[in-house]
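Here the protein sequences come in this chain order: A and B. Residues in the first sequence are numbered from 162 upward in steps of one, following my numbering. Residues in the second sequence are numbered from 924 upward in steps of one, following my numbering. Idealized CB from N, CA, C, for every residue including glycine. Here the structure is a predicted model, which is why all the values come from computation and not from measurement.
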Amino acid sequence: AQTVTQSQPEMSVQEAETVTLSCTYDTSENNYYLFWYKQPPSRQMILVIRQEAYKQQNATENRFSVNFQKAAKSFSLKISDSQLGDTAMYFCAFSPNFGNEKLTFGTGTRLTIIP
Amino acid sequence: ETGVTQSPTHLIKTRGQQVTLRCSSQSGHNTVSWYQQALGQGPQFIFQYYREEENGRGNFPPRFSGLQFPNYSSELNVNALELDDSALYLCASSFSDRFGVHTFGSGTRLTVV
């Protein structure tokens, strides 16, 4: 079974600053996907970024980038030039690269961007 | 894109009752998954349907059941409600060409009293 751990329940940062959210996971699989999903107060989960485990290159999406360390089973999210709209719960998630697309989520990090 | 819509948005039920939650998948998506999110927790996988067949189930008892219809809409049914069933229930649809990329609805908040 896979587990996903987010050790930072809450974080806050000033607008325009950079913040990094941490995530570690445990799996015996070699091929899998990792994700960061964002859940604003509207409750709708929104995909932020996706990383394929077999790719060495870290994924980037505009202001969002990841630091994927496969050997250490670490997958952190960096948000650059943070904006007020980034305030939300952020969940790290894992999915094996076979079978159904079940996502295993961490417990989340509540991020607050301070004006 | 129409997105994923869920109904109702909020619901209050009494312990022992039955409830049906509904989900309309994003246009073109053939897979639907249901998740339970307890307060302060990450979502937990309940089950997934692909082309109207159950395609995986999480650690939930048989009183949690589901359906997927030919138009890819879906229902989650919970029988014999318990207080611990109080949670946000999220529906997510996806298409098999982008593994793990889900489009989520805004959820149904179920309160069992």
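> Along the region 219-242 of chain A, what residues have a CB closer than 8 Å to any CB found in chain B?
Replying inline: none
>> Under DSSP, the beta strand (DSSP E) around A/E171 begins and ends at which residues?
In response: Walking along the first sequence from the start, residue 171 of chain A turns up at place 10. Segment E171 to Q175, the beta strand (DSSP E) holding A/E171.
>> For B/A1003, tell me which candidate among B/S996, B/Y1012 and B/S988 has the shortest Cα-Cα distance.
In response: Position 80 of the second sequence, counting from 1, holds the residue named residue 1003 of chain B. Measuring from the Cα of B/A1003, the nearest candidate turns out to be B/S988.
> Rounded to whole angstroms, how far is the Cβ of B/D1008 from the Cβ of B/V1035, which I believe are closer than 8 Å?
Replying inline: Translated into positions along the second sequence, residue 1008 of chain B becomes position 85. Translated into positions along the second sequence, residue 1035 of chain B becomes position 112. The pair is a contact, with the Cβ atoms about 5 Å apart (cut-off 8 Å).
>> Here's the rule I'm using: 16 or more other beta-carbon atoms within 10 Å means buried, otherwise exposed. How should A/L195 be labelled?
In response: The residue given as residue 195 of chain A occupies position 34 in the first sequence. Looking at its Cβ environment, which holds 16 or more other Cβ atoms inside 10 Å, A/L195 is buried.
>> Just verifying my parser: in three-state terms, what is the DSSP assignment at B/E989?
In response: Position 66 of the second sequence, counting from 1, holds the residue named residue 989 of chain B. Here the sequence assigns Gly to residue 989 of chain B, which means Glu is not the residue at that position. Looking at B/G989 - three-state DSSP - the assignment turns out to be strand.
> Does DSSP put A/D187 in a helix, in a strand, or in coil?
Replying inline: The residue you call residue 187 of chain A lines up with position 26 of the first sequence. If DSSP states are grouped into helix, strand and coil, A/D187 belongs with the strands.
>> For a contact defined as C-beta to C-beta under 7 Å, what are the partners of A/S256 on chain B?
In response: If you number the first sequence from 1, residue 256 of chain A lands on position 95. Those are F1022 and G1023, listed as they occur along chain B.
> Nearest to B/R986 by CA position, among B/H933, B/G963, B/S1017 and B/T943, is which residue?
Replying inline: Translated into the one-based positions of the second sequence, residue 986 of chain B becomes position 63. Taking only the C-alpha atoms, the option nearest B/R986 is B/T943.
> Ordered along the chain, which non-local residues of its own chain (more than five positions away) have a Cβ less than 6 Å from that of B/A1015?
Replying inline: Walking along the second sequence from the start, residue 1015 of chain B turns up at place 92. The answer, listed in chain order, is S956, H1025 and F1027.
> From which residue to which residue does the beta strand (DSSP E) around A/P257 run?
Replying inline: Walking along the first sequence from the start, residue 257 of chain A turns up at place 96. Per DSSP, A/P257 belongs to the beta strand (DSSP E) from A249 to P257.
> Between the beta-carbon of A/Q200 and the beta-carbon of A/A249, is there less than 8 Å?
Replying inline: Along the first sequence, one-based indexing puts residue 200 of chain A at 39. Along the first sequence, one-based indexing puts residue 249 of chain A at 88. Yes.
> How should A/P202 be labelled, buried or exposed, when 16 other C-beta atoms within 10 angstroms of its C-beta is the threshold for buried?
Replying inline: Sequence index remark: in the first sequence, residue 202 of chain A carries index 41 (1-based). So A/P202 counts as exposed.
> Using 8 Å as the limit for Cβ to Cβ distance, is B/T954 near chain A?
Replying inline: Taking the second sequence and counting its residues from 1, the one referred to as residue 954 of chain B is at position 31. Taking Cβ atoms only, chain A reaches closer than 8 Å to B/T954, which makes this a yes.
> Do the region 175-185 of chain A and the region 237-245 of chain A touch if we need at least three Cβ pairs shorter than 8 Å?
Replying inline: yes
>> Starting from A/F225, trace the beta strand (DSSP E) in both directions and tell me its first and last residue.
In response: Here residue 225 of chain A corresponds to residue number 64 of the first sequence, with the count starting at 1. Looking at the DSSP string, the run of the beta strand (DSSP E) that includes A/F225 is F225 to Q230.
> For chain B, is any of its Cβ atoms less than 8 Å away from the one on A/K199?
Replying inline: By 1-based counting over the first sequence, the position of residue 199 of chain A is 38. It does not; no Cβ of chain B falls within 8 Å.
>> I need the boundaries of the beta strand (DSSP E) containing B/L1004, first residue and last residue.
In response: Position 81 of the second sequence, counted from the first residue, corresponds to residue 1004 of chain B. Per DSSP, B/L1004 belongs to no beta strand (DSSP E) and is neither H nor E.
> Got a sec: which bits of the region 998-1031 of chain B sit with their beta carbon under 9 Å from any beta carbon on chain A, in order along the chain?
Replying inline: L1011, L1013, A1015, S1017, S1019, R1021, F1022, G1023, V1024, H1025, T1026, F1027, G1028, S1029 and G1030
> Hey, out of A/L264, A/N261, A/R204 and A/C184, whose CA is closest to A/N228's CA?
Replying inline: Counted from its first residue, the first sequence places residue 228 of chain A at position 67. Ranking A/L264, A/N261, A/R204 and A/C184 by Cα distance to A/N228 puts A/C184 first.
>> Suppose you measure from the CA of A/Q232 to the CA of A/S173; what does that come to, to the nearest Å?
In response: Taking the first residue of the first sequence as position 1, residue 232 of chain A is located at position 71. Taking the first residue of the first sequence as position 1, residue 173 of chain A is located at position 12. The sequence given here has Ala at residue 232 of chain A, not Gln. C-alpha separation (whole angstroms): 29 Å.
> So, using beta-carbon positions, are B/Q991 and B/E975 closer together than 8 Å?
Replying inline: Taking the second sequence and counting its residues from 1, one reaches residue 991 of chain B at position 68. Taking the second sequence and counting its residues from 1, one reaches residue 975 of chain B at position 52. Yes, these two residues count as a Cβ contact at 8 Å.
>> My assumption, with CB atoms under 8 Å, is that A/F252 sits in contact with B/G965. Please give the rounded CB distance.
In response: Sequence index remark: in the first sequence, residue 252 of chain A carries index 91 (1-based). Sequence index remark: in the second sequence, residue 965 of chain B carries index 42 (1-based). A/F252 to B/G965, Cβ: 5 Å. Contact.
>> Quick check on A/L208: does DSSP put it in helix, strand or coil?
In response: By 1-based counting over the first sequence, the position of residue 208 of chain A is 47. A/L208 falls in the strand class under three-state DSSP.
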